[in-house]
Structures are given as structure tokens and as C-alpha cells.
Amino acid sequence: MKPLRGFRRPTPGTQPEYLHPPYVSSRKRAPTQPLVPLPDTLSEITGPIFRKEIVAGNAFDLTRQGNGEPLGERIVVSGQVLDEDSRPVRGSLVEIWQANSAGRYLHKIDQHDAPLDPNFVGVGQTFTDGEGRYRFVTIRPGAYPWRNHPNAWRPQHIHFSLFGPAFATRLVTQMYFEGDPLLEFDPIFNSVPDTAARNSLISKFDWATTAPDIALGFRFDIILCGRNATPMEK
Amino acid sequence: MSGRTTPSQTVGPFFSIGFAWLERTDLTEGAGADKRVTIRGRVLDGDGQSVPDAVLEIWQADSDGRYGHPEDAAERMAADKFFGFGRVSVSDKGEFCFTTIKPGSVDGPDGAPQAPHLVVSVFMRGLLRRLITRIYFSGEPANQTDAVLAGVPAQRRHTLMARPNGADGETLVWDVHLQGDEETVFFEY
Numbered sequence: 001m002k003p004l005r006g007f008r009r010p011t012p013g014t015q016p017e018y019l020h021p022p023y024v025s026s027r028k029r030a031p032t033q034p035l036v037p038l039p040d041t042l043s044e045i046t047g048p049i050f051r052k053e054i055v056a057g058n059a060f061d062l063t064r065q066g067n068g069e070p071l072g073e074r075i076v077v078s079g080q081v082l083d084e085d086s087r088p089v090r091g092s093l094v095e096i097w098q099a100n101s102a103g104r105y106l107h108k109i110d111q112h113d114a115p116l117d118p119n120f121v122g123v124g125q126t127f128t129d130g131e132g133r134y135r136f137v138t139i140r141p142g143a144y145p146w147r148n149h150p151n152a153w154r155p156q157h158i159h160f161s162l163f164g165p166a167f168a169t170r171l172v173t174q175m176y177f178e179g180d181p182l183l184e185f186d187p188i189f190n191s192v193p194d195t196a197a198r199n200s201l202i203s204k205f206d207w208a209t210t211a212p213d214i215a216l217g218f219r220f221d222i223i224l225c226g227r228n229a230t231p232m233e234k
Numbered sequence: 235m236s237g238r239t240t241p242s243q244t245v246g247p248f249f250s251i252g253f254a255w256l257e258r259t260d261l262t263e264g265a266g267a268d269k270r271v272t273i274r275g276r277v278l279d280g281d282g283q284s285v286p287d288a289v290l291e292i293w294q295a296d297s298d299g300r301y302g303h304p305e306d307a308a309e310r311m312a313a314d315k316f317f318g319f320g321r322v323s324v325s326d327k328g329e330f331c332f333t334t335i336k337p338g339s340v341d342g343p344d345g346a347p348q349a350p351h352l353v354v355s356v357f358m359r360g361l362l363r364r365l366i367t368r369i370y371f372s373g374e375p376a377n378q379t380d381a382v383l384a385g386v387p388a389q390r391r392h393t394l395m396a397r398p399n400g401a402d403g404e405t406l407v408w409d410v411h412l413q414g415d416e417e418t419v420f421f422e423y
């Protein structure tokens, strides 16, 4: 029987605490009791493996979901999904969602007084390829106000959801943009204690993926937790 | 070269636009004639108020304790693929409901069988990381010897138990209390 190997726990400082008081919504929703350590079992080192057919062929291109072109700055967002040992995470589902170029989500509770774009839904999916690479074509999202504190504004961001090979590797995060002046004031971005880890959420402008005459490229690599070196007891 | 895991960030208030396409509240596909069980409950915040914008993701084994995943030994994999994944959003009233089968016993960390359970991720605005918890089945004899439950303070174990609601035994209730006296046990992974 092949030995089972669990996944590493996050390096301290790389993940936010549940309770981050500057992010007001965390106060009534973060757990108050100590978390209970969970050993590796088959339940955590397995996870859903989705069939490629569930994602439409054009779901990676958020600029082609309406009858016409959405407004805003067209961008290519791409990168590689790796584990902590730099091994590619292959064939893994990646989901994104975002505001339109005016900073408005196509969501019933988004009351921001900015226009919806009839040609932009703001939702995409794809699978990573054999090298763990993914690629989306979309519109640069706008910043938008929120009610966390007076004159609060979220920096421009795209939400990312990744599964990886196991329940243990599930990650939901946000991608930001270089040079955004709102980053230093954002309690969500700043909930990550470690500076280098926090900055790893900022995508980089990338000539290599910039499509001539079409779109600027931004690169955002993602690292999911890696395997333990030692097989667990079975 | 090696790196460190990318930080988690909240799903925010508008995640349903990105998650809706994969909503899956019926996990019984490929489950054959196994008895169906409905699990329903509510998600409540620190004021006891319903959370109208949460989503649960479920992962579970089939009724023989097999996972539809290559990490489970190939000879044990279900022939008629039981998928075992669910994505279940709460309603505007903070209520959720899904239908599945009771999983079989899966090997635990020490090789001893675990009690039947579902693993659960909880996402919502206000959570900078997902919460990880488990659903066990109230009254299951194997709960007494389950290694994960043994690590949970005895007075809090009941928060992980889905309990029968009514006489039919087909509907179980399990609530998620984010805080308070009945705070659900959440795991560190």
C-alpha cells in the first residue's frame, strides 16, 4: 500500500489571523475559541478533481461574455500555480470574479453608484495546464467604496479561488495591482502579517504576456501548500 | 527554489457571482441505492444573527468509505464514481440544506478507522481564511473511538454532531455558530 503524505501547515506570518479588528466584519465572524489541530487523514489529502468539461471553452475570456466589448482597459492575467516545492499544480480548477471597470459588481447587494456594464459579467473559470499555468483575459477592475470605515475604498482586485489536489490545498485569495495607492490603507490586504507574503498578492506588469495592440499583461503566480517530507502512518 | 503559500483573503460580499455556477446541493450522483440523508442548518454570527452570505463546501467518501481521488488506493476506488463534493450557499435567512449519503468509515491518522464524517470549508465576508470543520453523525458508536474527536474538548464535541430532526431519521440538523456559547469547533490545518 502506498504511504500517504500529508500537507505542510502554513509558514507563520503568511496567513491572516481570523480576527483582524481593522476589518470590521471579522469581529462578529472570527472564531473566539482556540482552533483544534487536525491530523492528516485521507479526508484532507483527497479532494474534488473536476472534469475539464464543466468549464466552457471561452470561460477564461471575460471580455467575450456579452453581445459586445465591455468598457475599460483590457488585460491578460496569467501565472503559474505551484506548490511550496515549486512543483506545478496541474489540471486544477481556477475561478475568478471581479468588479467591472467602474468598480461595480453584477450582484444584487452591490449598491455602489457606478454603472453596470451590459457586456461584463465579471466571472471566469479555467484549468491549469500541464505546467500549472493559467491565463485569463479580462478588464482591469475599478476601485470601489465600502463601509468598513469613513471614506474606505477597496484597491483594485480580482478574486481567485483554487482547489489544488486536495481539501488541504484549497485557497481563496485576491490579486492586486502594482502601484495602487489604496493598498496601504486596505485592512484586508494588510491583514497578512508578513510583508513579503503580503506583497506576493500584488501582480506584476509583464511584457512577455502583453498582447501587442490588444492588452497589457499582468503576472500573478500562486503557491499552494506542499507535501510533508515524511509519509504519515497508515 | 521553493516558496511560501500565497496568503488567503476573504471571499468578500459578492462571491456568489463567482461561486454560483458550481453550486451543488445534491451529492448523491453515483451513490446507487444508498439511503439518502438531508442535512440542514443555519449559520449564525457572534450576535446570534443569521449570516445571509455564507457558503459551505463539503467533501466526503462514499458509503464504503472510499474517496473518488487517486490518493485513495486504486483498488478501493468506487467504480461508479461517487463524486463527494458539494457547494452549498445559505439563503437570505442564513439557512442551508443539502442531500447526500452517510459516508462509510475512512482510515484515520493511526490506521484505525475514523467515524463517518464530512469535511467542511466555510467561506463568507468577514472570514480572511476559510473555516475548517467536520460533520459527524450523532449516536454513531464509532464516535467514541474517533481520533479527531478525541482531540476535541469533550464539552464541545456536540457542536460537530448532525442530529435527527423528527422521527424519520432522514433529516439531520447541524448549525454553524461562529461565536458564542455554542461556538462550533473549527480546526487548524
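Line by line, the protein sequences are chains S and G. Read in our numbering, the first sequence has 19 at position 19, and its numbers run on one by one without any break. The number in our numbering is simply the position in the second sequence, starting from 1, with 234 added. Think of the CB as a built atom: it goes at the ideal place given N, C-alpha and C, for glycine as much as any other residue.
Query raised in the report: Can you tell which of ARG29(S), PRO31(S), PHE127(S), PHE50(S) has the C-alpha that lies nearest to the C-alpha of ASN58(S)?
Result: As a working note, residue 58(S) is residue 58 in the first sequence. Of the candidates ARG29(S), PRO31(S), PHE127(S), PHE50(S), the residue whose Cα lies closest to the Cα of ASN58(S) is PHE127(S).
Query raised in the report: If you measure from the beta carbon of TRP293(G) to each beta carbon in chain S, is any gap under 8 Å?
Result: Mapped onto the second sequence, residue 293(G) falls at position 59. Chain S, which has a Cβ nearer than 8 Å to the Cβ of TRP293(G), makes this yes.
Query raised in the report: Under 8 Å Cβ-Cβ, which residues of chain S neighbour TYR370(G)?
Result: Translated into the one-based positions of the second sequence, residue 370(G) becomes position 136. By Cβ distance, chain S contributes nothing, its closest Cβ being about 12 Å from TYR370(G), past 8 Å.
Query raised in the report: Within 8 Å (strictly less), CB to CB, does ASP180(S) reach chain G?
Result: Numbered from its first residue, the first sequence carries residue 180(S) at position 180. At a cut-off of 8 Å between beta-carbon atoms, ASP180(S) makes no contact with chain G.
**Report entry** Span of the beta strand (DSSP E), counted from its first residue to its last, around GLY79(S)
**Finding:** Within the first sequence, numbered from 1, the residue matching residue 79(S) stands at position 79. Note, GLY79(S): beta strand (DSSP E), 74-83.
Query raised in the report: Three-state secondary structure (DSSP) at LYS52(S)?
Result: Here residue 52(S) is taken as the residue at index 52 of the first sequence, counted from 1. In this structure, LYS52(S) counts as helix in the three-state DSSP scheme.
Requested in this report: Take every Cβ of the segment 247-254 of chain G, pair it with every Cβ of the segment 87-103 of chain S, and state whether three or more of those distances are shorter than 8 Å.
Outcome: Yes: at least three Cβ pairs fall under 8 Å.
Query raised in the report: Along the chain, where does the beta strand (DSSP E) that runs through GLY252(G) open and close?
Result: Counting from 1 along the second sequence, the entry for residue 252(G) is found at position 18. Segment 250-253 is the alpha helix (DSSP H) holding GLY252(G); no beta strand (DSSP E) there.
Query raised in the report: In chain order, what residues of the segment 128-145 of chain S put their CB closer than 8 Å to some CB of chain G?
Result: Close to chain G, meaning a Cβ-Cβ distance shorter than 8 Å, is no residue of the segment 128-145 of chain S at all.
Query raised in the report: Does the segment 387-407 of chain G touch the segment 268-278 of chain G, meaning 3 or more C-beta pairs lie closer than 8 Å?
Result: Taking 8 Å as the limit for Cβ pairs, the verdict is that the segment 387-407 of chain G does touch the segment 268-278 of chain G.
Query - Own chain residues within Cβ distance below 6 Å of THR259(G), not counting five before or after - result: Residue 259(G) sits at position 25 when you count from the first residue of the second sequence. If we look at THR259(G) and ignore the five residues flanking it on each side, its Cβ neighbours are VAL322, PHE332.
Query raised in the report: So, is the C-beta of GLY47(S) closer than 8 Å to a C-beta in chain G?
Result: Taking the first residue of the first sequence as position 1, residue 47(S) is located at position 47. So, interface residue.
**Report entry** Beta-carbon neighbours of ILE273(G), restricted to chain S and to distances below 8 Å
**Finding:** Residue 273(G) sits at position 39 when you count from the first residue of the second sequence. Neighbours of ILE273(G) on chain S: none; closest Cβ ~17 Å, over 8 Å.
Query raised in the report: When burial is assigned at 16 or more other CB atoms within 10 Å of the CB, is ALA313(G) buried or exposed?
Result: Looking up residue 313(G) in the second sequence gives position 79. Residue confidence for ALA313(G) is low, a pLDDT of 48 falling below 50, so the modelled location carries little weight; the figure read from the coordinates is stated next. Label assigned to ALA313(G): exposed.
Query raised in the report: Can you list, in chain order, the residues of its chain whose CB lies under 6 Å from that of ALA265(G), leaving out five sequence neighbours each side?
Result: Within the second sequence, the letter at position 31 stands for residue 265(G). Result list for ALA265(G): PHE316, ILE335, in chain order.
Query raised in the report: Which residue from THR379(G), VAL340(G), LEU412(G) puts its Cα closest to that of LEU19(S)?
Result: Here residue 19(S) corresponds to residue number 19 of the first sequence, with the count starting at 1. Of the listed residues, the one whose Cα sits closest to LEU19(S) is LEU412(G).
Query - Alpha-carbon spacing of MET1(S) relative to PHE160(S), whole angstroms - result: Locating residue 1(S) in the first sequence gives position 1, where the first residue counts as 1. Locating residue 160(S) in the first sequence gives position 160, where the first residue counts as 1. Because the pLDDT of MET1(S) is 46, which lies under 50, any placement of that residue in the model is unreliable, and the number read from its coordinates should be weighed accordingly. If you draw a straight line from the Cα of MET1(S) to the Cα of PHE160(S), it is about 36 Å long.
Report task. Compare the C-alpha of ARG87(S) against each of PRO343(G), THR239(G), PRO247(G) and name the closest. Result -> As a position in the first sequence, residue 87(S) is number 87, starting the count at 1. Selected option, being the one with the closest Cα: THR239(G).
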